[in-house]
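K.L.:
Residue numbers (my numbering): 105 to 369. Note that beta-carbon positions come from the ideal geometry of N, C-alpha and C, so glycine has one too. Quick caveat, the model's predicted, so the values are computed rather than measured. Mind looking over this structure? Questions follow.
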Amino acid sequence: MSFTVESAQRAAASGDDRLVVADNAVIVLDGATAHDPAMPSAGEYVDHLAAELALSIGDALSLVDILAQSIARTAETLGIEPGLAPSSTVALVRVEPDAVNALILGDSSLVIGQRGGEVATYTDDRLAQLNLPEADLYRRFLKYGWGYSGRHRKILEDLQIAERAQRNRPGGYWIAEADPHAAEHALSVRIPRDELSWIVVATDGVADLIPPLGLSWSEVAQMSTPQLDALLHDIHTWEAETDPDGQAFPRAKRHDDKTVAVLHF
């Protein structure tokens, strides 16, 4: 089951991304705080969820079952309840003798490069597909040049309330939080090993900025760990110097946490 992993991370203010490289798997999480002072932080949530996933990723269970079990154990440990808890996107890649199984829950990206040159990108965009008015409002606010002001923060607070009302329910979107049944709604992919060349896993802090930088995923897939570090530095610099107010590329915050991992087969 030989494969190699190149990776890089760069934390923003929150530092809520997590990356775990196991013997047979890669785990990537991107946490979000519940904005309730009585609840654990996103950082604490993803620490526990990452640990639970790492403990069971080698078990003879499906990735869906492993994720459900890990969410349940994390919720029990932290004493959190659905609708009030921090949450996290989840991207799992498990390498098996004849195939690679992958799972995505939330808006991280999984990009698969096949030996024949084909490239397929998978992301869970169900939250974006809701087209919440508050999401459109904050993007228009930034596009018109108002920047990351107090008014912008208020719009984001309203957006978080609207998103929470749609979380882990039919017709809404699904995310790792306190309800293990969310795992049943993850996107799953299985690829024969002999068809694979590489896989890239990236949180949205990286994936969303690849197009503005004029890069392709095939180029990212050829980067070493130092080159991936440099890529994250370039993204941060672009955010800070080229588009500091989010006018060219409206995004919730100037800098997001950034995690990328490249698996070569």
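1) Since I believe L209 is in contact with D229 (beta carbons under 8 Å), could you give me their beta-carbon distance rounded to a whole number of angstroms?
2) Report yes if the C-beta distance between V215 and I303 is below 8 Å; otherwise report no.
3) Cβ of S192 within 8 Å of Cβ of Y149?
4) Run through DSSP, which three-state label would E185 get?
5) Mapping DSSP to helix, strand and coil, what is I175?
6) When burial is assigned at 16 or more other CB atoms within 10 Å of the CB, is N235 buried or exposed?
7) Apart from the five residues just before and just after R122, which ones in its own chain have a Cβ nearer than 6 Å to its Cβ?
8) Just the Cα atoms here: how many angstroms apart are V199 and K247?
9) On the DSSP bridge assignment, give the partners of E110 in chain order.
10) Just to confirm the assignment: which complete alpha helix (DSSP H) runs, minimum length 4, are found wholly within the region 257 to 324?
11) Quick one: give me the first and last residue of the beta strand (DSSP E) that R198 is part of.
12) How about S301 and G217: are their beta carbons less than 8 Å apart?
13) On the criterion of 16 or more Cβ atoms from any shown chain inside 10 Å, does K362 qualify as buried, or is it exposed?
14) Closer than 7 Å by C-beta to E238: which residues in its own chain qualify, once you throw out the five before and the five after it? Chain order, please.
15) Give me whichever residues DSSP pairs with S160 in a beta bridge.
16) Would you report the Cα separation of G318 and I161, rounded to the nearest angstrom?
17) Taking buried to mean at least 16 other C-beta atoms within 10 Å of its own C-beta, is Q113 buried or exposed?
18) Looking at the structure shown, is D134 part of a helix, part of a strand, or coil, going by DSSP?
19) Mark P274 as exposed unless 16 or more other C-beta atoms lie within 10 angstroms of its C-beta, in which case mark it buried.
20) Tell me D121's beta-bridge partners as DSSP assigns them.
21) Am I right that A126 and A172 are in contact with their C-beta atoms under 8 Å? What's the rounded C-beta distance?
22) What do you reckon, are the CB atoms on Y277 and R271 nearer than 8 Å?
23) Would you kindly check if the distance between the Cβ of V204 and the Cβ of V194 is under 8 Å?
24) Between L188 and P144, is the Cβ-Cβ spacing less than 8 Å?
25) If contacts are defined as beta-carbon pairs under 8 Å, then V310 and V364 qualify, I think. What distance do you get, rounded to the angstrom?
26) Using DSSP bridges, identify the partner residues of V168.
P.N.:
By the coordinates alone:
1) The distance from the Cβ of D229 to that of L209 is about 12 Å, inconsistent with a contact at the 8 Å cut-off.
2) yes
3) Yes.
4) coil
5) helix
6) Counting the other Cβ atoms within 10 Å of the Cβ of N235 gives fewer than 16, which makes it exposed.
7) L133, V150, A154
8) 42 Å
9) V366
10) 308 to 311
11) Looking at the DSSP string, the run of the beta strand (DSSP E) that includes R198 is 191 to 199.
12) Their beta carbons are under 8 Å apart, which means S301 touches G217 by this criterion.
13) By the neighbour-count definition (other C-beta atoms within 10 Å, threshold 16), K362 is a buried residue.
14) The answer, listed in chain order, is I259, D262, L263, A266.
15) Bridge partners of S160: none, in fact.
16) 35 Å
17) By the 10 Å Cβ count, Q113 comes out buried.
18) Assigned with DSSP and collapsed to three states, D134 falls in strand.
19) exposed
20) D134
21) Not a contact, Cβ separation roughly 19 Å.
22) yes
23) Against a cut-off of 8 Å, the Cβ pair of V204 and V194 comes out as no contact.
24) no
25) 5 Å
26) For V168, which the question treats as bridged, DSSP gives no partner whatsoever.
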